[in-house]
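A.B. asks: Numbering-wise, the numbering used here comes out as the position in the sequence shown, counting from 1, plus 23.
Ideal Cβ placement from N, Cα and C applies to all residues, glycine included.
Just passing along the structure, written as structure tokens.
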Amino acid sequence: MSAALTIGVLSLQGGVAEHLAALARVDGVRGVPVSKASELGSVDAIILPGGESTAIGRLLRDFGMADPLRERIAAGLPAWGTCAGMILLAKDIDNDDRRHVGLMDISVRRNAYGGQLSSFDASAVIDGLGERPFPLVFIRAPVITRTGPAVEVLASLDGRAIACVQGAMAATSFHPELTRDERFHRWFAALARREA
Ligand code: GLN
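Right, here's the structure in full:
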């Protein structure tokens, strides 16, 4: 078997432990927390977790990680953003003047499935994950309002994209790490092995 793939989880704020626990259930993958720019050099891929995009974005700048992270992802480091992490990756945020990593050609609208109380469960078939519907957990989730020509939509709910991929970057508006279904983590590991 090939050497273990090291997947970093940006650990400044948000659902870090849940992603690390999901990665621990994927064969051939080692999940590690990443909270310093120097640690970016030793991962094969990175997950930007859910949480609060404004807080994570501010901590990225305060800790001098914003530019190194952007440069690594721009240079091809496979990256997957869940929820707030997707907001960090997006080129455009319809209802926020801030931009964070800003490399994925999607527009998102923060909290657009409703307010604080609008968290909900659903399920959908996701391209590449087989025919069994994937459990979807939405928590104050952003809506993807635009996908650029290079972006492939992997799943939609009520006519709106909820999972997409552009080269080595992936984004989901929901939280696979909060379920016991690790198919999306395994899919990202395969993408990372292909793109790394
Ligand atoms: N509402 C959060 C934000 O705008 C995202 C929520 C989440 O990551 N679960 O950053």
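In angstroms, rounded to a whole number, what distance separates the CA positions of Met24 and Gly51?
C.D. replies: Since pLDDT at Met24 reaches only 48, below the 50 mark, its modelled position is unreliable, and the value read off the structure follows with that caveat. Looking at the two C-alpha atoms, the distance is approximately 8 angstroms.
A.B. asks: Around the Cβ of Val66, are there at least 16 other Cβ atoms within 10 angstroms (buried) or fewer (exposed)?
C.D. replies: buried
A.B. asks: For Met192, which beta-bridge partners are listed by DSSP?
C.D. replies: Paired residues: Ala102 and Gln189.
A.B. asks: Rounded to whole angstroms, what is the Cα-Cα separation between Leu126 and Gly182?
C.D. replies: The alpha-carbon atoms of Leu126 and Gly182 are separated by roughly 24 angstroms.
A.B. asks: Please report the distance separating the alpha-carbon of Gly137 from that of Ile69.
C.D. replies: 28 angstroms
A.B. asks: Is there at least one non-hydrogen atom of ligand 1 closer than 8 angstroms to the beta-carbon of His42?
C.D. replies: no
A.B. asks: Just checking Ala45 against ligand 1 - is the residue's beta carbon closer than 8 angstroms to any of the ligand's heavy atoms?
C.D. replies: no
A.B. asks: Below 8 angstroms on the Cβ atoms is my contact criterion, and I expect Gln189 with Asp128 to pass it. Report the Cβ-Cβ distance as a whole number of Å.
C.D. replies: 6 angstroms
A.B. asks: Since Pro101 and Glu175 should fall inside the 8 angstroms C-beta cutoff, what is the C-beta to C-beta distance between them, to a whole number of angstroms?
C.D. replies: At roughly 15 angstroms, the Cβ-Cβ gap does not stay under 8 angstroms, so Pro101 and Glu175 are not in contact.
A.B. asks: Please state if the CB of Ala107 and the CB of Gly37 are separated by a distance shorter than 9 angstroms.
C.D. replies: yes
A.B. asks: Grab me the residues of Leu92's own chain with a C-beta within less than 8 angstroms of its C-beta, minus the 5 sequence neighbours each way, in chain order.
C.D. replies: Leu33, Ala60, Leu63, Ile69, Leu83 and Val124
A.B. asks: When you compare the CB positions of Pro165 and Ile79, do they come within less than 9 angstroms of one another, or not?
C.D. replies: no
A.B. asks: Just mark Arg95 as buried or exposed, buried being the case when its beta carbon has 16 or more other beta carbons within 10 Å.
C.D. replies: Arg95 counts as buried, since at least 16 other C-beta atoms from the protein chains shown sit within 10 angstroms of its C-beta.
A.B. asks: Identify whether Leu126 lies in helix, strand or coil by the three-state DSSP scheme.
C.D. replies: coil
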